[in-house]
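For what it's worth, this note's numbering labels the leading residue of the sequence shown as 51, then goes sequentially.
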Amino acid sequence: MSSRPSKVFYQFKLILLGDSGVGKSSLLSRYMDEEFVPNHPCTVNADFKIKAMLIDEFSSVQMTIWDTCGQERYRAITRGYFKDAHGIILVYDVADKRSFSDLDIWLEEIKKNTVKEDISIILVGNKIDLKYRNINTEEAENFAKENNLMYCETSCKEGRNIEMAFDMITKDIIKKQNNKNVIENKDNNVKVVKEREIKREKEVSCC
Ligand code: GDP
Numbered sequence: 051m052s053s054r055p056s057k058v059f060y061q062f063k064l065i066l067l068g069d070s071g072v073g074k075s076s077l078l079s080r081y082m083d084e085e086f087v088p089n090h091p092c093t094v095n096a097d098f099k100i101k102a103m104l105i106d107e108f109s110s111v112q113m114t115i116w117d118t119c120g121q122e123r124y125r126a127i128t129r130g131y132f133k134d135a136h137g138i139i140l141v142y143d144v145a146d147k148r149s150f151s152d153l154d155i156w157l158e159e160i161k162k163n164t165v166k167e168d169i170s171i172i173l174v175g176n177k178i179d180l181k182y183r184n185i186n187t188e189e190a191e192n193f194a195k196e197n198n199l200m201y202c203e204t205s206c207k208e209g210r211n212i213e214m215a216f217d218m219i220t221k222d223i224i225k226k227q228n229n230k231n232v233i234e235n236k237d238n239n240v241k242v243v244k245e246r247e248i249k250r251e252k253e254v255s256c257c
């Protein structure tokens, strides 16, 4: 028997949810490309990017991050992306009350389409660079606590806390998913924590 410690390769699916205009595409651009594109073209249906990360000497992650469209008319399509997700980044805009009150609708959608205990969810209050905010940190933190969500505030414009938001959810997914779906490859001494099926539907941007 080999005395080498096993290496673990995680494959996860993460989805960005929230109303249109809250900054989901901007979060993804900031995280992946370290850039902020003012007036980002809106995502129609969904788009995805893949990020590879080294966690430590023994484990690495490949994360497929789906950016979905928050518009109501696309919600039925967005539901398709819940399937097999390991984590959800639920975004609202700290200056936009509607995007905060709509969180109840998004949480209902999550409840209907996932097994909540198996999925990691972080609530992200974006656009904290704006001078006037309509939702204060305390109110959002209380909402997150009541709904058992992690919480973080970001600014894509100023590049604040983006890495932290993705780190928090990645660590939580690893904690939740550890020892689940593990396929052991004895020859290479590598364990693969499998991403479940991915539907490769990359859509064009418009507007
Ligand atoms: P999505 O529809 O949720 O994907 O939102 P977008 O990423 O397309 O962003 C909607 C608008 O908000 C765009 O004009 C962005 O430039 C802007 N935006 C995104 N993040 C921030 C932020 O942190 N601060 C400010 N001031 N504007 C932002």
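Each residue gets a CB set at the ideal place from its N, CA and C atoms; glycine is no exception. All values reported here derive from a predicted model rather than from experimental measurement.
Are the Cβ atoms of residue i and residue j separated by less than 8 Å?
i, j, result
"phenylalanine 132", "isoleucine 115", "no"
"methionine 82", "lysine 101", "yes"
"isoleucine 178", "arginine 210", "yes"
"isoleucine 139", "alanine 215", "yes"
"tyrosine 201", "glutamate 191", "yes"
"glutamate 203", "threonine 220", "no"
"valine 174", "valine 141", "yes"
"lysine 226", "aspartate 134", "no"
"leucine 199", "isoleucine 172", "yes"
Residue i: buried (16+ other C-beta within 10 angstroms of its C-beta) or exposed?
i, result
"valine 58", "buried"
"tyrosine 60", "buried"
"aspartate 117", "buried"
"isoleucine 233", "With a pLDDT of 47 at isoleucine 233, under the threshold of 50, the modelled position of this residue cannot be trusted; read the value that follows with caution. It counts as exposed."
"cysteine 256", "Summary for cysteine 256: the model assigns pLDDT 39, below 50, so the residue's position carries little reliability; its value from the coordinates is reported in the next sentence. Exposed, since its Cβ has fewer than 16 Cβ neighbours within 10 Å."
"glycine 130", "exposed"
"serine 205", "buried"
"lysine 74", "buried"
"aspartate 143", "buried"
"aspartate 69", "buried"
"lysine 236", "Residue confidence for lysine 236 is low, a pLDDT of 46 falling below 50, so the modelled location carries little weight and cannot support an answer."
"arginine 80", "buried"
"asparagine 264", "The structure shown does not extend to residue 264, since the chain is modelled only from 51 through 257, so no value can be given for it."
"isoleucine 105", "exposed"
"aspartate 154", "exposed"
"serine 149", "buried"
"valine 165", "exposed"
"serine 170", "buried"
"phenylalanine 193", "buried"
"serine 76", "buried"
"aspartate 217", "exposed"
"leucine 67", "buried"
I need the boundaries of the beta strand (DSSP E) containing residue i, first residue and last residue.
i, result
"leucine 173", "170-176"
"phenylalanine 59", "57-67"
"isoleucine 138", "137-143"
"aspartate 117", "109-118"
"isoleucine 201", "In the sequence under discussion, the amino acid at residue 201 is tyrosine, which differs from the isoleucine named in the question. Its beta strand (DSSP E) spans residues 200-204."
Would you mind reading off the limits of the alpha helix (DSSP H) that contains residue i?
i, result
"leucine 157", "153-163"
"leucine 271", "What is shown of the chain runs 51 to 257, which leaves residue 271 out entirely."
"phenylalanine 193", "187-196"
"phenylalanine 259", "Any question about residue 259 goes unanswered here, given that the chain covers just 51 to 257."
"lysine 225", "212-227"
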